[in-house]
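Our numbering applies: residue 2 is where the sequence shown begins, and numbers increase by one.
Where a beta carbon is used, it is the ideal one built from N, C-alpha and C, also for glycine.
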Amino acid sequence: MTRQNVYLAQPSYKSSNSVSFPAAIGALAAYAWSLPEIEAAYLLKGVVFLREPIEGLVASLEAPRVFGFSCYMWNIEYNKALARRVKQAYPDCLVLFGGPQVPEGPELLAQCPFIDVLIHGEGELAFAAVLRAHAEGLPLGGIAGLSFRREGDIVTVPAEPVCKIDFPSPVTSGFFDRLIREHPDLEFTPLVESSRGCPNHCAYCSWGGRETGMRLFPLERVYGDLEWLCAHHAEYVGFADSNFGLFPRDEKIADKLLELHAATGYPKKFQVSYAKDSGDRVFRITEKLNAAGLCKGVTLSFQTMSPEAQKNIGRSNMDIEHYKYLLQKYGAAGIVTYSELILGLPGETEQSFVNGIEQLLEYGQHTQMMVHLCEWLPLSPMGEKAYLDRYRVEYIRIPLNQPHANLNEADEIPEYSRVVVSTYSMTREEWKRSALFGMCVLCFHHLGLLQLAALYLYFEKGVKYVDFYGALLAYLLGKGNSVFNRIEAQFEGMLTRGEGAVIYDPRFGKVSWTFEEYAFLSAVYEKDAFYREMDGFLSRYIPDDAFRRELIAYQSFIVKEIGRPYITFSGSYDWRPYFRSLQRNHAAALEKRPVRYAVTDETVCESWPEYARKIVWYGRRGGKNLYADEIKEINADE
Ligand code: B12
Numbered sequence: 002m003t004r005q006n007v008y009l010a011q012p013s014y015k016s017s018n019s020v021s022f023p024a025a026i027g028a029l030a031a032y033a034w035s036l037p038e039i040e041a042a043y044l045l046k047g048v049v050f051l052r053e054p055i056e057g058l059v060a061s062l063e064a065p066r067v068f069g070f071s072c073y074m075w076n077i078e079y080n081k082a083l084a085r086r087v088k089q090a091y092p093d094c095l096v097l098f099g100g101p102q103v104p105e106g107p108e109l110l111a112q113c114p115f116i117d118v119l120i121h122g123e124g125e126l127a128f129a130a131v132l133r134a135h136a137e138g139l140p141l142g143g144i145a146g147l148s149f150r151r152e153g154d155i156v157t158v159p160a161e162p163v164c165k166i167d168f169p170s171p172v173t174s175g176f177f178d179r180l181i182r183e184h185p186d187l188e189f190t191p192l193v194e195s196s197r198g199c200p201n202h203c204a205y206c207s208w209g210g211r212e213t214g215m216r217l218f219p220l221e222r223v224y225g226d227l228e229w230l231c232a233h234h235a236e237y238v239g240f241a242d243s244n245f246g247l248f249p250r251d252e253k254i255a256d257k258l259l260e261l262h263a264a265t266g267y268p269k270k271f272q273v274s275y276a277k278d279s280g281d282r283v284f285r286i287t288e289k290l291n292a293a294g295l296c297k298g299v300t301l302s303f304q305t306m307s308p309e310a311q312k313n314i315g316r317s318n319m320d321i322e323h324y325k326y327l328l329q330k331y332g333a334a335g336i337v338t339y340s341e342l343i344l345g346l347p348g349e350t351e352q353s354f355v356n357g358i359e360q361l362l363e364y365g366q367h368t369q370m371m372v373h374l375c376e377w378l379p380l381s382p383m384g385e386k387a388y389l390d391r392y393r394v395e396y397i398r399i400p401l402n403q404p405h406a407n408l409n410e411a412d413e414i415p416e417y418s419r420v421v422v423s424t425y426s427m428t429r430e431e432w433k434r435s436a437l438f439g440m441c442v443l444c445f446h447h448l449g450l451l452q453l454a455a456l457y458l459y460f461e462k463g464v465k466y467v468d469f470y471g472a473l474l475a476y477l478l479g480k481g482n483s484v485f486n487r488i489e490a491q492f493e494g495m496l497t498r499g500e501g502a503v504i505y506d507p508r509f510g511k512v513s514w515t516f517e518e519y520a521f522l523s524a525v526y527e528k529d530a531f532y533r534e535m536d537g538f539l540s541r542y543i544p545d546d547a548f549r550r551e552l553i554a555y556q557s558f559i560v561k562e563i564g565r566p567y568i569t570f571s572g573s574y575d576w577r578p579y580f581r582s583l584q585r586n587h588a589a590a591l592e593k594r595p596v597r598y599a600v601t602d603e604t605v606c607e608s609w610p611e612y613a614r615k616i617v618w619y620g621r622r623g624g625k626n627l628y629a630d631e632i633k634e635i636n637a638d639e
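Here is the structure:
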């Protein structure tokens with residue numbers, strides 16, 4: 002019997018020559034083709050993981066009988082366009098849509114006549130069951146987690162929780178080998194799943210679905226994936242886990258990774274989301290990984306500091322004293338921490354958002370912070386109409402909010418993000434002001450352009466951080482032609498014309514930038530002029546000209562730029578230990594004595610696009626844009 006051809010698609014954008022490993026269709030294929038009846042009836046003929054031109058792709062298909070599409074917010078429109086053409090060319094091909102961008106109900110099926118079946122929730126069992134039924138010409142009625150057409154109606158059979166996840170791995174089952182073999186020119190960024198699900202059910206997130214609890218993959222499977230990836234010299238390994246470090250065995254997994262790293266030198270980069278409570282185990286794991294250069298930092302999560310918003314999103318924050326303790330503990334161990342806020346959560350007001358930033362800064366979060374714009378996701382609790390109505394959540398559709406996307410890759414099929422811009426507690430105008438303020442703090446404090454000045458003013462003169470950055474933002478907006486005027490116009494464009502949330506600038510290469518990164522890059526590009534101007538602004542806080550200029554000179558000295566493998570600084574105050582202490586949130590005395598510092602920059606970049614990519618894009622989380630421990634004191638005559 003000839004086997005029927007199956008195609009699977011999980012298209013991603015390419016970033017130079019690297020592309021995400023299509024883990025979802027890999028998982029489906031690894032399980033389905035481990036079953037003898039599916040192996041006998043079907044051939045996995047093709048895998049689509051890039052946004053290829055559709056006509057050429059359709060022309061290359063060979064008698065497709067089943068075509069499965071894995072849908073995320075970054076590929077659903079492409080998937081629809083491809084599925085439409087597949088159905089036109091091959092009306093008998095069974096078209097399946099699954100993944101986190103497929104809503105729970107049947108509406109997608111009603112909107113898209115070219116889709117035959119929606120598969121809701123985790124797909125291994127349902128996908129295999131559909132293939133089996135299709136091979137035998139049986140009805141789909143008994144399979145959980147499907148929406149399909151029957152006699153003019155659409156039938157939905159709700160998904161059932163998948164409790165046991167001893168599925169074979171796409172990494173070791175041959176799926177990954179095939180991709181690498183067929184595409185030697187590409188670098189896949191692999192993904193390992195050690196667990197599934199998430200214990201938190203935050204309203205804005207759809208991680209792990211709504212009802213499923215945490216489940217663990219067998220340890221041997223996880224070890225097998227790691228061994229395979231290190232043996233194949235994977236530069237990067239990412240974990241799909243939501244709370245790594247929650248389970249005692251995670252320490253063993255980290256030890257295994259370190260053991261393989263020591264033996265093979267791979268991976269060179271490792272990425273995972275650590276457990277939110279960040280207990281001792283997470284600290285032990287990250288300390289070891291950090292020593293091997295495999296820890297990109299630990300999130301000390303907040304999302305919002307507003308108790309009302311926390312209640313509305315079903316989340317409670319860690320105790321503040323514990324947060325301060327963790328900041329100190331991780332800081333002392335040299336492990337980068339970063340905190341995240343999400344703008345646009347119901348219950349947040351402009352004032353509570355600004356207060357939240359002040360709180361985090363006062364507690365000592367001077368390393369990294371992110372302000373994310375809240376995005377509406379269909380399978381999240383916020384995805385439900387009742388939630389939107391209850392909290393008067395309003396979102397707009399904008400081009401995919403994807404920083405660092407390659408301009409050349411923009412194809413004709415736009416994808417979209419849905420950004421929350423007002424709620425019962427925040428108007429659109431307040432949202433815009435809050436967003437601008439957030440970008441200002443990220444650019445000047447966390448990317449560090451004026452961080453030292455802000456720390457000095459807070460510790461020595463009691464100037465609140467938000468007052469300082471508020472005045473700075475007002476000053477920049479008052480100019481009429483500053484980068485922040487451009488960013489403000491872009492927020493306005495988002496609100497009124499559905500424009501995007503990223504900026505392209507050929508000076509910094511062909512990829513897009515977040516607003517705060519763009520503002521940072523623009524300032525460093527004209528660093529001397531920028532700090533000359535800031536001298537004028539800061540004179541209202543620090544009237545002593547000589548002192549202020551020296552502080553600004555030291556501030557400028559610690560911000561990396563391009564093409565300076567060796568730099569020196571001479572001054573009459575010992576700034577280095579003083580600011581290292583303030584950055585760790587400890588007051589210190591500034592000693593007046595002649596000093597001379599030097600930095601030998603091992604990461605020096607020769608061009609702005611290289612700087613933008615290596616220092617700002619890849620390096621931001623680790624604070625690579627600022628010199629810290631590299632600053633050494635040297636003799637006056639050196
Ligand atoms: C790895 C990951 C990434 C990676 C790689 C993404 C990529 N291009 O592949 C990186 C770090 C780049 C990333 C980035 C982002 N991500 Co992400 N990411 C994940 C993560 C952690 C794992 C995804 C994964 O592959 N899991 C393993 C597979 C096996 O599980 P799965 O995806 O759930 O697939 C199962 C089912 O959905 C179903 N299924 C899936 N497809 C299909 C198809 C068929 C035919 C069938 C039958 C079934 C089926 O069966 C699968 C097996 O059970 C998830 C969270 C999570 N754990 O789910 C978020 C998640 C996918 N990301 C999410 C988001 C929002 C983002 C960002 C937009 C975040 C941001 N604001 O920057 C960016 C944008 C990415 C982009 N533009 O490319 C959302 C997606 C929501 C949505 N509706 O699309 C998720 C679900 C997290 C969340 N907060 O809810 N992400």
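| query | Bridge partners of glutamine 5, per DSSP? | reply | Start at 1 with the first residue of the sequence shown, and residue 5 comes out as number 4. Paired residue(s): Tyr43.
| said: Could you compute how far the alpha carbon of arginine 66 sits from the alpha carbon of arginine 393? | reply: The residue given as residue 66 occupies position 65 in the sequence shown. The residue given as residue 393 occupies position 392 in the sequence shown. Each residue's alpha carbon lies about 45 Å from the other.
| If you count every other CB in all the chains shown that lies within 10 Å of the CB of tyrosine 425, and 16 or more means buried, which is it? | Numbered from 1 along the sequence shown, position 424 holds the residue referred to as residue 425. With fewer than 16 other Cβ atoms within 10 Å, it is exposed.
| request: Indicate the three-state DSSP secondary structure (helix, strand or coil) for arginine 597 in the structure shown. | output: Here residue 597 corresponds to residue number 596 of the sequence shown, with the count starting at 1. Arginine 597 falls in the strand class under three-state DSSP.
| request: Could you name the residues whose beta carbon sits closer than 5 Å to any heavy atom belonging to ligand 1, keeping them in chain order? | output: These are the residues, in chain order, with a beta carbon less than 5 Å from any non-hydrogen atom of ligand 1: Ser13, Ser21, Ala24, Ala25, Ala28, Gly69, Ser71, Tyr73, Met74, Trp75, Leu97, Gly99, Gly100, Pro101, Gln102, Ile120, Glu123, Gly124, Phe128, Cys206, Ser207, Trp208, Ala241, Leu378, Gln403.
| task | Write down the C-beta distance between asparagine 201 and arginine 282 rounded to the nearest angstrom, noting that I regard them as a contact closer than 8 Å. | result | Here residue 201 corresponds to residue number 200 of the sequence shown, with the count starting at 1. Here residue 282 corresponds to residue number 281 of the sequence shown, with the count starting at 1. Asparagine 201 to arginine 282, Cβ: 18 Å. No contact.
| Helix, strand or coil: how does DSSP classify histidine 373 here? | To locate residue 373, count along the sequence shown from 1; it is residue 372. Strand.
| said: Please report the straight-line C-alpha distance between leucine 401 and cysteine 72, rounded to a whole angstrom. | reply: In the sequence shown, the residue the question calls residue 401 occupies position 400. In the sequence shown, the residue the question calls residue 72 occupies position 71. The straight-line gap separating the alpha-carbon atoms of leucine 401 and cysteine 72 is approximately 14 Å.
| said: Taking only three categories from DSSP, how would you classify leucine 141? | reply: Stepping through the sequence shown from its first residue, residue 141 is reached at position 140. In this structure, leucine 141 counts as coil in the three-state DSSP scheme.
| request: Over the uninterrupted beta strand (DSSP E) stretch that includes tyrosine 341, give me the two end residues. | output: For the purposes of this step, residue 341 is taken as the residue at position 340 of the sequence shown. With the sequence shown as reference, residue 341 is identified as glutamate, and tyrosine is not the correct amino acid for it. 338 to 344 is the span of the beta strand (DSSP E), which, as asked, contains glutamate 341.
| field | Among Leu627, Leu259, Leu443, nearest to tyrosine 612 - alpha-carbon criterion | value | In the sequence shown, the residue the question calls residue 612 occupies position 611. Measuring from the Cα of tyrosine 612, the nearest candidate turns out to be Leu627.
| said: In this structure, how does DSSP classify leucine 97 when only helix, strand and coil are distinguished? | reply: Residue mapping note: residue 97 aligns to position 96 of the sequence shown, counting from 1. Strand at leucine 97.
| said: Contact between the segment 548 to 564 and the segment 490 to 506 is defined here as three or more beta-carbon pairs at a separation below 8 Å; is this criterion met? | reply: no
| field | First through last residue of the alpha helix (DSSP H) which encompasses proline 308 | value | Walking along the sequence shown from the start, residue 308 turns up at place 307. From DSSP, the alpha helix (DSSP H) with proline 308 extends over 308 to 314.
| Proximal residues to cysteine 444 (C-beta, below 6 Å), its chain only, five neighbours per side dropped | Within the sequence shown, numbered from 1, the residue matching residue 444 stands at position 443. Contacts found: Glu517, Ala520, Phe521.
| Which residue comes first and which comes last in the beta strand (DSSP E) that contains glutamine 272? | By 1-based counting over the sequence shown, the position of residue 272 is 271. It spans 270 to 272 - the beta strand (DSSP E) in which glutamine 272 sits, taken as one unbroken run.
| How long is the line joining the alpha carbons of glutamine 11 and leucine 192, rounded to whole angstroms? | As a position in the sequence shown, residue 11 is number 10, starting the count at 1. As a position in the sequence shown, residue 192 is number 191, starting the count at 1. The C-alpha of glutamine 11 lies about 14 Å from the C-alpha of leucine 192.
| request: Below 8 Å on the Cβ atoms is my guess for valine 223 versus proline 268; work out the distance and round it to an integer in Å. | output: Within the sequence shown, the letter at position 222 stands for residue 223. Within the sequence shown, the letter at position 267 stands for residue 268. Contact doesn't hold; Cβ gap of about 14 Å is too wide.
| task | Determine which residues share a DSSP beta bridge with serine 71 and list them. | result | Taking the sequence shown and counting its residues from 1, the one referred to as residue 71 is at position 70. The partner list for serine 71 (beta bridge, DSSP) reads Gly99.
| Between the CA atoms of glutamate 359 and phenylalanine 460 - distance to the nearest angstrom | Here residue 460 corresponds to residue number 459 of the sequence shown, with the count starting at 1. Here residue 359 corresponds to residue number 358 of the sequence shown, with the count starting at 1. Computed Cα separation, rounded: 14 Å.
| task | For the alpha helix (DSSP H) holding glutamate 416, just list the boundary residues, first then last. | result | In the sequence shown, counting from the first residue as 1, residue 416 sits at position 415. Element bounds for glutamate 416: n/a, residue is neither H nor E.
| task | Check whether the Cβ atoms of leucine 346 and isoleucine 321 lie closer than 8 Å to each other. | result | Here residue 346 corresponds to residue number 345 of the sequence shown, with the count starting at 1. Here residue 321 corresponds to residue number 320 of the sequence shown, with the count starting at 1. Contact flag unset, no.
| request: Quick one: using the 10 Å Cβ neighbour count with 16 as the cut-off for buried, is cysteine 206 buried or exposed? | output: Indexing the sequence shown from 1 puts residue 206 at position 205. It is buried - the Cβ of cysteine 206 has at least 16 other Cβ atoms within 10 Å.
| task | Can you have a look at lysine 88 and say buried or exposed, based on whether 16 or more other CB atoms are within 10 angstroms of its CB? | result | Position 87 of the sequence shown, counting from 1, holds the residue named residue 88. Lysine 88 is buried by the Cβ-count criterion.
| field | Through-space distance from tyrosine 396 to threonine 428, alpha-carbon basis | value | For the purposes of this step, residue 428 is identified with residue 427 of the sequence shown, where counting begins at 1. For the purposes of this step, residue 396 is identified with residue 395 of the sequence shown, where counting begins at 1. One alpha carbon belongs to threonine 428, the other to tyrosine 396, and they sit about 12 Å apart.
| What is the rounded straight-line gap between the Cα of proline 23 and the Cα of valine 158? | Here residue 23 is taken as the residue at index 22 of the sequence shown, counted from 1. Here residue 158 is taken as the residue at index 157 of the sequence shown, counted from 1. For proline 23 and valine 158, the distance between alpha carbons rounds to 27 Å.
| query | If you draw a straight line from the alpha carbon of leucine 473 to that of glutamate 534, how long is it in whole angstroms? | reply | On the sequence shown, residue 473 is found 472 positions in, with the first residue counted as 1. On the sequence shown, residue 534 is found 533 positions in, with the first residue counted as 1. Answer to the nearest angstrom: the Cα atoms are 12 Å apart.
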